[in-house]
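This note's numbering numbers the first residue of the sequence shown as 15 and each following residue consecutively.
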Amino acid sequence: MENTVVRTKVKDLLKSKPGIDVLAKGWVRTKRGNKGVAFIALNDGSTINNIQLVVDKTRIGDDVLSKVTTGACIRVEGRLVESVGSGQAVEIQASAIEVYGECDPVRYPLQKKDTSFEYLRSVAHLRMRTNTFGAVLRIRNQMAFAIHEYFHSKGFVYLHTPLITESDCEGAGQMFQVTTLDIDKPLPRNKKGSVDYSKDFFGKQTSLTVSGQLEGELGATALGEIYTFGPTFRAENSNTPRHLAEFWMIEPEMAFYDISDNMDLAEDFIKHLVKYALEHCADDIQFLNDKYDPELVERLRGVADTEFVRLEYTDGIRILEEAVSSGVKFEYPVYWGVDLQSEHERYLVEKHFRRPVILTGYPKEIKAFYMKQDENGKTVRAMDVLFPKIGEIIGGSERESSLKKLEDRINELGMSRKNLEWYIDTRRFGSCPHSGFGLGFERLLLFVTGMQNIRDVIPFPRTPKNAEF
């Protein structure tokens, strides 16, 4: 079949005026027919919407049409005409069809009936062809672009931080180890009997990063304002709808920002992303709203148009304690010093204030070593941005700029300084006030798409006992 016209994507065909010859390529969503006419819904991934092909069976032989089944990949030439049916303005009257790839309708894992998300995760190599995951991944793409655009417009430098590191930013120790030592053979040992990592590829024990923050701080103290955007890894054995072993993080770090500046940036940033999604992903969001979450669009607009509450941790605890005394039941206890659970965060956002909350002034005992300590010695200038249905979506802080306080905190926690001297140098040589935060990309996508499980907003989820594809 010769190319008589240039291929046009489905999203552009649906906006085109009728009366032109067109060429479309894509995958068959459905085929139905009556008497001498077949109707084929074609989708090429460019939009949630299909374009209808009207096929005169006297023009396209049954030898071709019999191969046009759900999931098959085809090329179609025809005339773009006004649609007589409802649902679309135009359709294609097909004059020629070529089948690129057949699809056995019996064995094809994606049947027309609704399929559970759990089943679709087992065929993650094909689930992107469904309407739902096509919508989610187009939104993911748009959000990634919007993040880069936002920081670029503000003069931030995009800093690439290492994926392989010897430092543990969070001090939690739940890291994936990286090694080239042959674990099927006896491992080299030092005089103490421990594994001798000097014989390993990097000459020391290394792991996959849990955060680019510490390296990001180095960038901020040289370039002013930077952001990282890349994969991070946590070896937590957490089989929950909110945890992944491999996920993406956005982490801006800014010299000369205090905690208030940090909160201002976080609020502006997240509102920008939500507004961008509403404007540029309208069809996909509306589809997800109509199919799964009828309050999705309203919830997104509510965040975009609302001033966030700024609340001290101590006041948040008081509100939660009053709720408990009024009969509200939480699974986890509430008291000053506790690390709030998602149920507590969502109560503050969804029930008490009914809008996003930025919680600040956390007890230092439940926060990381690098956070700036308040004068009272009990709390730190941390901040968490809490969202409806999600709980914490952003976590950040003003960083401790005092060399003595930072060293004292590292010693207090019994952390090894051996791997942190380079980081401590930023407080020795030209220390400056600085702040930053981290946004889990998949947490953002959960909010924007209304999906319930974090495994359904990343193409190939990595979770305990699962590294398929």
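Built from N, CA and C at the ideal position, the CB exists for glycine as well.
Given the structure is predicted, the values throughout are model-derived calculations rather than measurements.
In the DSSP assignment, find the unbroken beta strand (DSSP E) run with residue i in it and report its ends.
i       : result
Asn-57  : 51-57
Ala-318 : From DSSP, Ala-318 is part of no beta strand (DSSP E) but of the alpha helix (DSSP H) over 310-318.
Gly-375 : 371-377
Glu-112 : 104-115
Leu-28  : Taken as a continuous stretch (DSSP letters only), Leu-28 belongs to no beta strand (DSSP E), as it is neither H nor E.
Let me confirm a value: residue i is counted as buried when at least 16 other C-beta atoms fall within 10 Å, else exposed. Which label applies?
i       : result
Ala-52  : buried
Trp-262 : buried
Glu-112 : exposed
Gln-125 : exposed
Ile-178 : exposed
Asn-253 : exposed
Val-120 : exposed
Tyr-361 : buried
Ala-108 : buried
Thr-72  : exposed
Asn-390 : exposed
Ser-208 : exposed
Ser-136 : exposed
Lys-479 : exposed
Ser-340 : exposed
Pro-202 : exposed
Ala-234 : buried
Gly-40  : buried
Glu-163 : exposed
Gly-217 : exposed
Phe-322 : buried
Could you give the first and the last residue of the continuous alpha helix (DSSP H) run that contains residue i?
i       : result
His-366 : Element bounds for His-366: n/a, residue is neither H nor E.
Met-157 : 145-167
Val-288 : 273-294
Glu-326 : From DSSP, Glu-326 is part of no alpha helix (DSSP H) but of the beta strand (DSSP E) over 323-326.
Ile-438 : 435-442
Leu-490 : Outside the modelled stretch of the chain, which goes from 15 to 483, sits residue 490, for which no answer is possible.
Arg-121 : Where Arg-121 is concerned, there is no enclosing alpha helix (DSSP H), given that its DSSP letter is neither H nor E.
Asp-5   : The first residue shown for the chain is 15 and the last is 483, placing residue 5 beyond what the model contains.
Ser-100 : Per DSSP, Ser-100 belongs to no alpha helix (DSSP H) and is neither H nor E.
Just list the residues that DSSP pairs residue i with in beta bridges.
i       : result
Pro-245 : Trp-262
Phe-215 : Answer by DSSP bridge pairing: none, since Phe-215 is not bridged.
Trp-41  : Asn-57 and Cys-87
Gln-66  : Ala-55
Arg-203 : Val-209
Met-385 : Arg-413
Asn-48  : Val-51
Phe-451 : Gly-410
Val-171 : Ile-240
Ser-221 : Thr-179 and Gln-191
Thr-393 : Pro-377
Ile-34  : Leu-94
Asp-398 : Leu-373 and Gly-409
Glu-267 : Ile-240 and Gly-450
Thr-22  : In DSSP, Thr-22 forms no bridge with anything.
Asn-480 : Thr-477
Using a Cβ-Cβ cutoff of less than 6 Å, which residues in the same chain neighbour residue i once the five nearest sequence positions on both sides are dropped?
i       : result
Gly-226 : Thr-175, Thr-242 and Glu-265
Ser-415 : Ser-445 and Pro-447
Gly-375 : Glu-326, Tyr-327 and Thr-393
Phe-147 : Arg-141
Cys-295 : Ile-153 and Gln-156
Leu-427 : Phe-383
Glu-267 : Gly-230, Glu-231, Ala-234, Ile-240 and Gly-450
Can you round the beta-carbon distance between residue i and residue j to whole angstroms, since I take them to be within the 8 Å contact cut?
i       : j       : result
Leu-400 : Tyr-327 : The Cβ separation is near 11 Å, so there is no contact.
Glu-239 : Gly-351 : Incorrect: roughly 34 Å between the Cβ atoms, too far for contact.
Ala-160 : Leu-287 : 5 Å
Ser-181 : Asn-433 : 5 Å
Ala-249 : Ala-259 : 7 Å
Asp-58  : Lys-23  : 6 Å
Leu-27  : Ile-88  : Between Ile-88 and Leu-27 the Cβ distance is about 15 Å, and since that is not below 8 Å, they are no contact.
Within the same chain, show all residues whose beta-carbon is closer than 7 Å to that of residue i, passing over the 5 residues directly before and after it, in chain order.
i       : result
Glu-359 : Leu-400, Gly-405 and Glu-406
Val-348 : Ile-331, Leu-334, Glu-335, Val-338 and His-358
Ala-149 : Ile-62, Asp-298, Phe-301 and Leu-302
Met-465 : Val-150 and Val-471
Gln-387 : Lys-378, Val-394, Glu-414 and Lys-419
Pro-32  : Leu-94, Val-95, Glu-96 and Val-104
Val-36  : Val-19, Thr-22, Leu-27, Gly-92, Leu-94 and Ile-106
Tyr-122 : Thr-84 and Gly-85
Using C-beta distances below 8 Å, list every residue in its chain close to residue i, excluding the 5 sequence neighbours before and after it, in chain order.
i       : result
Asp-118 : Thr-83
Asp-214 : Thr-193, Thr-194, Leu-195 and Thr-220
Asp-70  : Gly-50, Val-51, Gln-107 and Ala-108
Glu-345 : Gln-355 and Glu-357
Val-462 : Ile-153, Met-157, Leu-287, Val-288, Ala-291, Cys-295, Ile-299 and Leu-314
Ala-481 : none
Ile-8   : What is shown of the chain runs 15 to 483, which leaves residue 8 out entirely.
With 8 Å set as the bound, which would you pick, yes or no: does the beta-carbon of residue i sit closer than that to a beta-carbon of chain D?
i       : result
Arg-423 : Protein chains in the displayed structure number just one, and chain D is not present.
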